């Protein structure tokens, strides 16, 4: 009988079964050995038909693509429904401009929005804000709320440009928003105050008011139709603040020189044949506005802060214990006329014109007090003028209401020489020129060269300008008005 041990093969005692034994041994060798029952196999012997571990095929899956960060994908675009809009200055509520973004390829990054005027002029008097400065996640829209305040000076229709920027941190887009700003439909109102050179004292017969002539009326320039200056008429203090007494009917007329004289309804024109600077100023001011202009005459000759033979008839803003100074009647009358004009016309106060100084040059103390008294007058008028469409923020001692001063005549002719000022008059003249250094939105119309022979003097003496000088002075008041806008 054949046997094997440990799978290592065996040999017989006889030659007869040798081949078979060898064959069996080979078979055992090929099969890797025969496991005998009850005999433990060494650990390094693999079961039949198994491959070594190093040769076992492994079915490893293909590596999967990384999951993208949702905040790193996609792009966006800045969208406008329209890039042109129109607004009226002072428009109630302003305008609302929709602004949106298009999110592309699952874009969800936050988009930061910013609106900037292209130049400082584009942003002047403009208030704006975005409902949302940031569009998060899936947000697509916001609104730009924009309001143009009524500014210190009149405007014509014009365009403003704003840049809208949008950024998600990786991309930035910009678009231009074009805004057409139209002027508010309200008259431009100017108050004219001072003494005789504002009232007008060119020589009689110098007015040229025929059709097409230099002093003719203009269809866009009106005036308050005021009662003439006469202390016999204004014989009680309460009349200075009476609206009914201060004006004639019709209350508003085409502005006609002399502005401080009334036009009676039954007459086609005024009787006076002299002029002042007021109408010439109004005609110059037409260049800067599309609106009607209303002039409010409130000057009175031979008056100032200083008391004269009629102490109550003066330009002080409040009663004073200063013996040399006068009363307040002319300030109260000026405010009465101004405020009724603002109320009845719906107009906007665009400036105050002041021509005065001779009366305060006659007193040492009045000339010394003159500059401070002027500053008080400016503050009082700016504070107590009736609130108009610009709102309450445009009132107060330092409000943006232009105040324009004119310098005194230096004329010289056979009736007298006013070219050299006394010390007192020099103080007053210095105040006229220095106020713009102390008070914002003020400027001075210089008249030093409006003298003979090019500019003959006016009524009575060269203390008064002549007709050609008044026409030129009106132009210079407007030029000074334009300069005052930048005196902030």
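In the working numbering, the protein residues as written are 36 to 523. All C-beta atoms in this analysis are idealised placements derived from N, C-alpha and C, irrespective of residue type, glycine included. For clarity, every value in this text was computed on a predicted model and none was experimentally measured.
**Request:** Quickly, what does DSSP pair residue 176 with across the bridge? List them, please.
**Result:** Translated into positions along the chain shown, residue 176 becomes position 141. For residue 176, which the question treats as bridged, DSSP gives the partners 135.
**Request:** With DSSP as the reference, please indicate the residues paired to residue 241 in a beta bridge.
**Result:** What you label residue 241 is simply residue 206 of the chain shown in a count that begins at 1. DSSP, once it has assigned bridges, lists no residue as partnering residue 241.
**Request:** Just mark residue 49 as buried or exposed, buried being the case when its beta carbon has 16 or more other beta carbons within 10 Å.
**Result:** Numbered from 1 along the chain shown, position 14 holds the residue referred to as residue 49. With a pLDDT of 40 at residue 49, under the threshold of 50, the predicted position of this residue should be treated as unreliable, though the coordinate-derived value follows. Exposed, because fewer than 16 other Cβ atoms sit within 10 Å of the Cβ of residue 49.
**Asked** Per DSSP, residue 535 is paired with what?
**Response** Nothing can be reported for residue 535: it is not among the residues displayed for the chain, which extend from 36 to 523.
**Prompt:** Which of the three DSSP states, helix, strand or coil, is assigned to residue 460?
**Reply:** For the purposes of this step, residue 460 is taken as the residue at position 425 of the chain shown. Residue 460 falls in the helix class under three-state DSSP.
**Asked** Applying the criterion that 16 or more other CB atoms from any shown protein chain within 10 Å of the CB defines a buried residue, is residue 230 buried or exposed?
**Response** Sequence index remark: in the chain shown, residue 230 carries index 195 (1-based). Buried: at least 16 other Cβ atoms inside 10 Å.
**Item:** Alpha-carbon to alpha-carbon, residue 176 and residue 214
**Value:** For the purposes of this step, residue 214 is taken as residue 179 along the chain shown, with counting starting at 1. For the purposes of this step, residue 176 is taken as residue 141 along the chain shown, with counting starting at 1. In a straight line, the C-alpha of residue 214 is about 20 Å away from that of residue 176.
**Range of the contiguous beta strand (DSSP E) that encloses residue 287** = Working through the chain shown from its first residue, we reach residue 287 at position 252. Run containing residue 287: 282-289, per the beta strand (DSSP E) assignment.
**Asked** Does the beta-carbon of residue 204 have 16 or more other beta-carbons within 10 angstroms, so that it is buried, or is it exposed?
**Response** Taking the chain shown and counting its residues from 1, one reaches residue 204 at position 169. Exposed, because fewer than 16 other Cβ atoms sit within 10 Å of the Cβ of residue 204.
**Prompt:** Considering only residues of the region 349-407, which uninterrupted alpha helix (DSSP H) runs meet the minimum length of 4 residues and lie entirely inside it, listed in chain order?
**Reply:** 364-380
**Asked** In chain order, what residues of the same chain lie with their CB nearer than 6 Å to the CB of residue 57, ignoring the 5 residues before and after it?
**Response** Numbered from 1 along the chain shown, position 22 holds the residue referred to as residue 57. With a pLDDT of only 37 at residue 57, under the threshold of 50, the placement of this residue in the model should not be trusted; the figure read from the coordinates follows. Correct list: empty, nothing qualifies.
**Request:** Return yes when the Cβ of residue 340 is within less than 8 Å of the Cβ of residue 266, no when it is not.
**Result:** Indexing the chain shown from 1 puts residue 266 at position 231. Indexing the chain shown from 1 puts residue 340 at position 305. Not closer than 8 Å, so no.
**Request:** Take every Cβ of the region 245-264, pair it with every Cβ of the region 282-289, and state whether three or more of those distances are shorter than 8 Å.
**Result:** yes
**Prompt:** Which same chain residues, not among the five before or five after residue 418, have their C-beta less than 8 Å away from its C-beta?
**Reply:** On the chain shown, position 383 is the one that residue 418 refers to. Taken in chain order, the residues that qualify are 430, 431, 432, 434.
**Prompt:** Which residues bound the alpha helix (DSSP H) around residue 506?
**Reply:** To locate residue 506, count along the chain shown from 1; it is residue 471. Looking at the DSSP string, the run of the alpha helix (DSSP H) that includes residue 506 is 502-519.
**Prompt:** Bridge partners of residue 441, per DSSP?
**Reply:** One-based indexing of the chain shown puts residue 441 at position 406. Answer is 480.
**Asked** Quick one: is residue 396 buried, meaning 16 or more other Cβ sit within 10 Å of its Cβ, or exposed?
**Response** Residue 396 sits at position 361 when you count from the first residue of the chain shown. Answer is buried; the Cβ neighbour count reaches 16.
**Asked** Does the Cβ-Cβ distance between residue 475 and residue 185 come in under 8 Å?
**Response** Position 440 of the chain shown, counting from 1, holds the residue named residue 475. Position 150 of the chain shown, counting from 1, holds the residue named residue 185. Cβ atoms of residue 475 and residue 185: not closer than 8 Å.
**Prompt:** Secondary structure at residue 315, three-state DSSP: helix, strand or coil?
**Reply:** Here residue 315 is taken as the residue at index 280 of the chain shown, counted from 1. In this structure, residue 315 counts as helix in the three-state DSSP scheme.
**Prompt:** Any idea what DSSP makes of residue 490, helix, strand or coil?
**Reply:** For the purposes of this step, residue 490 is identified with residue 455 of the chain shown, where counting begins at 1. Residue state, collapsed to three classes: coil.
**residue 338 classed as buried or exposed, judged by whether at least 16 other C-beta atoms fall within 10 angstroms** = Numbered from its first residue, the chain shown carries residue 338 at position 303. By the neighbour-count rule (16 or more Cβ atoms within 10 Å), residue 338 is buried.
**Item:** Span of the beta strand (DSSP E), counted from its first residue to its last, around residue 257
**Value:** Reading the chain shown from its first residue, position 222 is the one you call residue 257. Unbroken beta strand (DSSP E) run through residue 257: 256-261.
**Segment contact flag, the region 137-147 with the region 118-129, C-beta cutoff 8 Å, min 3 pairs** = no
**Prompt:** What is the residue span of the alpha helix (DSSP H) that residue 149 lies within?
**Reply:** Taking the first residue of the chain shown as 1, we reach residue 149 at position 114. Premise fails: residue 149 lies in the beta strand (DSSP E), 146-152, not in any alpha helix (DSSP H).
**Request:** Give me the Cβ distance between residue 196 and residue 118, rounded to the nearest whole Å; I'm assuming they're in contact under 8 Å.
**Result:** By one-based count along the chain shown, residue 196 stands at place 161. By one-based count along the chain shown, residue 118 stands at place 83. About 10 Å separates the two Cβ atoms, so there is no contact after all.
**Asked** Can you tell which of 324, 376, 467 has the C-alpha that lies nearest to the C-alpha of residue 402?
**Response** As a position in the chain shown, residue 402 is number 367, starting the count at 1. Answer by Cα proximity: 467.
**Request:** Within its chain, find whatever has a CB closer than 7 Å to the CB of residue 251; leave out the 5 residues flanking it on each side and keep chain order.
**Result:** If you number the chain shown from 1, residue 251 lands on position 216. Same-chain partners within the cutoff: 244, 245.
**Request:** Report yes if the C-beta distance between residue 313 and residue 332 is below 8 Å; otherwise report no.
**Result:** Counting from one through the chain shown, the residue named residue 313 turns up at place 278. Counting from one through the chain shown, the residue named residue 332 turns up at place 297. For residue 313 and residue 332, yes; Cβs fall inside 8 Å.
**Message:** Taking 8 Å as the limit between beta carbons, can you name the residues of its chain near residue 348, skipping five residues before and five after?
**Reply:** On the chain shown, position 313 is the one that residue 348 refers to. Taken in chain order, the residues that qualify are 266, 335, 338, 361, 362, 364, 365.
**Message:** If you reduce the DSSP assignment to three classes, tell me which class residue 328 lands in.
**Reply:** Residue 328 sits at position 293 when you count from the first residue of the chain shown. Three-state DSSP puts residue 328 in a strand.
**Message:** Considering only the alpha carbon of each residue, which of 160, 194, 149 lies closest to residue 178?
**Reply:** Taking the chain shown and counting its residues from 1, one reaches residue 178 at position 143. Nearest of 160, 194, 149 to residue 178, Cα basis: 149.
**Request:** Measure the C-alpha to C-alpha separation of residue 255 and residue 274 and round it to an integer number of angstroms.
**Result:** If you number the chain shown from 1, residue 255 lands on position 220. If you number the chain shown from 1, residue 274 lands on position 239. Approximately 30 Å, taken between the alpha carbons.
**Request:** Would you be able to state if there are at least three C-beta pairs under 8 Å between the region 299-308 and the region 497-512?
**Result:** no
**Asked** Along the chain, where does the beta strand (DSSP E) that runs through residue 164 open and close?
**Response** By 1-based counting over the chain shown, the position of residue 164 is 129. Taken as a continuous stretch (DSSP letters only), the beta strand (DSSP E) holding residue 164 covers 161-165.
**Request:** For residue 234, name the three-state secondary structure that DSSP assigns.
**Result:** Here residue 234 refers to the residue found at position 199 of the chain shown. Helix, per DSSP.
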